[in-house]
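To keep things clear, I will list the structure first and then write my remarks on it.
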Amino acid sequence: MRSFTYDQLPARVVFGDGAARTALASEVDQLGARRVLVIASTRDSARVAALLAPLGERVVGTFTDVREHVPLATAEAARAAAKTADADLLLAIGGGSTVGAAKAVAMTARLPIVAVPTTYAGSEVTPVWGLTEDGRKTTGVDPVVLPRVVVYDPALTATLPPDLAAASAFNALAHAVEAMWAPHRNPVSTAVAGEAVERLAAGLRTGDPAELLCGAWLGSSAFAVAGSGLHHKLCHMLGGTFALPHARTHAVVLPHVLAFNAPGAPEVARRLAQALGTDDAVAGLRALADAHGIPRGLLALGLPESAITGAAALTAPAVPADNPVPVTEETLVGLVRAAWSGSDAV
Ligand code: NAD
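Position 314 of the sequence shown, counting from 1, maps to 314 under our numbering, and the rest follow consecutively.
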């Protein structure tokens, strides 16, 4: 067995249908908070208002101007809102962008976060923050941005449009699959990732939001420990440099990265194939993606062909040295071209 170092991440998780309605007030009280800044977009304001009712006067402010990839101006506006409200806790209700805005505040104000995710993005269990300035995305790790409590309520994901739900679930699957070959994996993260793969594959087949949300939690927890591998390095670069949509990019790219890495990661392919009920993980994943209407290539997301060589060149230096299949800039051009065109060849 490889040697490893394992820092278990602290987290309190409350999971259940209706948990956002019933558990929030007591979770806030247990953290000793009295002045809550709510961070939630206006997308679902009536539902958010209903969730906040039990908190009563503990809610002292609301920040709604949530943007994907947390532009610096959004971070600064959210920080100002926390200061004006004299908040002692941040309550984020929404997808990864909303949790990202709360993390941007926590970074500087050192406030605890309670997160209520409404997608399968998984940011709520990672200590990773992201900010975008002048079109360049920067990420970093700070334990202070890891939410103290996560309330998972599958009922909140029911409003996701089917295409976004599928893309987000594939984003979660990407966390789980990558965690099994990522550089800091250990026996715990691999076991958790394997369970995540099972639940996400089942959830993608049946549409059960509880399976999907539980799988998303497990997959992202494993990924938070195991770190980024080829898939995330590539998707992060594509999202940051070419402004591609987060979850959909992961969904399109995952089968291509799996096809590339599978020959060097037979155990990962075996786990995934088993979860998908097939002999061939790559074919099984492609079939599942097709069934959910996920495009085969990034061409469909608007990536120009001229971006291929640049994308490969920018990604190559960031790929971990122990990627299951050794990576060169040339082989990466092949992978990115396949991910762009939707071809099965890598
Ligand atoms: P998102 O939060 O941007 O949400 C996508 C869209 O879905 C938005 O329009 C949102 O309003 C809507 N939406 C969210 N929940 C919904 C629901 N239940 N019903 C209907 N509509 C809903 O997208 P995301 O994929 O959740 O998050 C992406 C962002 O999160 C990216 O910026 C990504 O970098 C970041 N992220 C960070 C980490 C981390 O560890 N730091 C991990 C994963 C994602």
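Note that beta-carbon positions come from the ideal geometry of N, C-alpha and C, so glycine has one too.
Only residues of its own chain outside the window of five on either side were considered, and among them L131, T132, E133 have a CB closer than 8 Å to the CB of L72, listed in chain order. Measuring C-alpha to C-alpha distances from D7 to each of T328, A265, P127 identifies P127 as the nearest.
In the three-state DSSP reduction, E68 falls in the coil class, being neither helix nor strand. Per DSSP, the unbroken beta strand (DSSP E) holding E133 starts and ends at 128-133. Per the C-alpha coordinates, the member of W217, A318, A77 positioned closest to L173 is W217.
DSSP lists V116 as the beta-bridge partner residues of I93.
For F15, the enclosing beta strand (DSSP E) covers residues 12-15. R199: member of the alpha helix (DSSP H) spanning 187-206, first to last residue. The alpha-carbon separation between G302 and A202 amounts to approximately 30 Å. Counting the other CB atoms within 10 Å of its CB gives A82 a total of 16 or more, which places it among the buried residues.
Cα atoms of V70 and S306: separation of roughly 27 Å, rounded to the nearest angstrom. If you draw a 10 Å sphere on the C-beta of L9, you find fewer than 16 other C-beta atoms in it, and that means exposed. In this structure, N171 has its beta carbon less than 7 Å from a heavy atom of the ligand NAD. By the Cβ neighbour-count rule, E329 is exposed, with fewer than 16 other Cβ atoms within 10 Å of its own. Three or more Cβ pairs closer than 8 Å define a contact, and the segment 262-273 falls short of that threshold against the segment 159-169. If you look at F63, you'll find it in the beta strand (DSSP E) that goes 59-63. Relative to the ligand NAD, L244 has its C-beta separated by 7 Å or more from all heavy atoms.
In chain order, P154 place their CB closer than 6 Å to the CB of A210, counting only its own chain and leaving out the 5 sequence neighbours on each side. DSSP lists F15 as the bridge partner or partners of Y152. Counting only runs of 4+ residues, the alpha helix (DSSP H) found wholly inside the segment 199-250 occupies 209-226, 230-242, in chain order.
In this structure, DSSP gives V177 a helical state, which the three-state scheme calls helix. The Cβ neighbour count for S3, taken over all protein chains shown within 10 Å, is under 16; the residue is labelled exposed. Sequence-distant Cβ neighbours of R296 in its own chain, meaning closer than 6 Å and more than five residues away, are G342. DSSP, reduced to helix, strand and coil, places I294 outside both helices and strands of the structure shown, so it counts as coil.
Cβ neighbours of M237 within its own chain (closer than 8 Å, five residues either side excluded): A311, L314, T315, A318. The Cβ-Cβ distance between V28 and L55 falls below 8 Å. Of the other Cβ atoms in all chains shown, fewer than 16 fall within 10 Å of the Cβ of P326; this residue is therefore exposed. In the three-state scheme derived from DSSP, where H, G and I count as helix and E and B as strand, V257 is classed as helix. Selection T22, H231, L212 evaluated against M180 yields H231 as nearest (Cα-Cα). DSSP places V38 in the uninterrupted beta strand (DSSP E) bounded by 36-39.
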